[in-house]
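Residues in the sequence shown are numbered consecutively from 109, following this note's numbering.
Glycine included, C-beta positions come from ideal geometry on N, C-alpha and C.
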Amino acid sequence: MYRRIPELPEPGRRLGRHVNHDPRSLAYQVVAGPRGALVSVRHERFIPVLNQGSLGSCTGNAAEGAVGSGDLYPALPADLPARPTGDAEKDEDQAVALYSAATSLDGYAGEYPPEDTGSDGLSVAKAALAAGLICGYTHATSLDAALTALAQRPVIAGINWYSSFDEPDRTGRISIKRGAYVRGGHEICLDELDVERRLIGFTNSWGESWGQNGRAFISWDDFERLLSEDGDVTVLVPLSEPAPQPTPTPDQPTGCAGQIIAIAEKAIADIKAVLGLK
Numbered sequence: 109m110y111r112r113i114p115e116l117p118e119p120g121r122r123l124g125r126h127v128n129h130d131p132r133s134l135a136y137q138v139v140a141g142p143r144g145a146l147v148s149v150r151h152e153r154f155i156p157v158l159n160q161g162s163l164g165s166c167t168g169n170a171a172e173g174a175v176g177s178g179d180l181y182p183a184l185p186a187d188l189p190a191r192p193t194g195d196a197e198k199d200e201d202q203a204v205a206l207y208s209a210a211t212s213l214d215g216y217a218g219e220y221p222p223e224d225t226g227s228d229g230l231s232v233a234k235a236a237l238a239a240g241l242i243c244g245y246t247h248a249t250s251l252d253a254a255l256t257a258l259a260q261r262p263v264i265a266g267i268n269w270y271s272s273f274d275e276p277d278r279t280g281r282i283s284i285k286r287g288a289y290v291r292g293g294h295e296i297c298l299d300e301l302d303v304e305r306r307l308i309g310f311t312n313s314w315g316e317s318w319g320q321n322g323r324a325f326i327s328w329d330d331f332e333r334l335l336s337e338d339g340d341v342t343v344l345v346p347l348s349e350p351a352p353q354p355t356p357t358p359d360q361p362t363g364c365a366g367q368i369i370a371i372a373e374k375a376i377a378d379i380k381a382v383l384g385l386k
């Protein structure tokens, strides 16, 4: 499912996320664990807070933030060209490179450069994979699955961005307030789980002057609502782990028949890509 999210731009607070939900992703779902087993954690970030400026590159910024944090960063080879450097300007350039690659993979008309089209979490995950930053990616399709994934490592989330999110409150929280409207779609890097307060912490891509040094919190309830509004959570898997393998669904053939169908589906997808079809 492809859906563009119109953006009402604000200076210095660009967005740029659209909806791209591929049914094949359902074979790579995170299995939700019990909430009682969750433990609060904040994943260390090894790179500066980035700033997408006037570009709709939030997807690339979120992905760059994720691979520069938690257990994803130490798994990167020191000589990997796309490895985050810890230098804000260089890492922002790499975030834009991931965004640019995503726009060539997402199936939307136009690519950056020159067209600032925006993109989505699935496509930027593909870009990160192509850059050698990860070994694969999985998807959390419910709040409990998202919390389970976040307990292990930072993840990226594509959500509706409400106007009331632009200014976190004094405690560093954003919330869907009465009268707030969807200003566009945004991709953020979730990197903290606060079980006691039922909060999710994240790093934005608007520089350190936004929120609390570039960070804010959102309640589990609000985040669950955002997921119900075509939100998504993409889990980038570090190079230190095996590549994710699909889980057969009850209606999915297995054995030789399943392999033949999978090969045929990939061939059709490749042909469509060559022809520029969705």
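CA-to-CA distance, residue j to residue i, given in whole angstroms
{"i": "residue 147", "j": "residue 235", "result": "31 Å"}
{"i": "residue 386", "j": "residue 207", "result": "Only weak support exists for where residue 386 lies, its pLDDT of 49 falling under 50; the coordinates are left without a value."}
{"i": "residue 329", "j": "residue 124", "result": "24 Å"}
{"i": "residue 126", "j": "residue 315", "result": "22 Å"}
{"i": "residue 156", "j": "residue 190", "result": "16 Å"}
{"i": "residue 278", "j": "residue 313", "result": "19 Å"}
{"i": "residue 288", "j": "residue 130", "result": "29 Å"}
{"i": "residue 311", "j": "residue 344", "result": "16 Å"}
{"i": "residue 122", "j": "residue 202", "result": "18 Å"}
{"i": "residue 362", "j": "residue 286", "result": "At residue 362 the pLDDT is 48, less than 50, meaning the model places this residue with poor confidence and gives no usable figure here."}
{"i": "residue 95", "j": "residue 197", "result": "This structure cannot speak to residue 95, because the chain is shown only from 109 to 386."}
{"i": "residue 184", "j": "residue 306", "result": "32 Å"}
From the options, residue whose alpha carbon lies closest to that of residue i
{"i": "residue 119", "options": "111, 224, 162", "result": "162"}
{"i": "residue 242", "options": "172, 354, 270, 283", "result": "172"}
{"i": "residue 334", "options": "136, 204, 284, 314", "result": "284"}
{"i": "residue 220", "options": "254, 167, 321, 311", "result": "167"}
{"i": "residue 149", "options": "332, 117, 255", "result": "255"}
{"i": "residue 113", "options": "323, 311, 294", "result": "294"}
Buried or exposed by the 16-neighbour rule on C-beta atoms within 10 Å, applied to residue i
{"i": "residue 180", "result": "buried"}
{"i": "residue 52", "result": "Since the first residue shown for the chain is 109 and the last is 386, residue 52 is missing from the structure and cannot be characterised."}
{"i": "residue 160", "result": "buried"}
{"i": "residue 192", "result": "buried"}
{"i": "residue 268", "result": "buried"}
{"i": "residue 348", "result": "exposed"}
DSSP beta-bridge partners of residue i
{"i": "residue 295", "result": "266"}
List in chain order: all unbroken alpha helix (DSSP H) runs of 4+ residues lying wholly within the segment 158-189.
166-175
Please give me, in chain order, every unbroken run of the alpha helix (DSSP H) with length at least 4 that falls completely inside the segment 211-272.
Segments of the alpha helix (DSSP H) lying fully in the segment 211-272: 229-238, 251-260.
Those runs of the alpha helix (DSSP H) which lie wholly inside the segment 309-358 and span at least 4 residues
328-336
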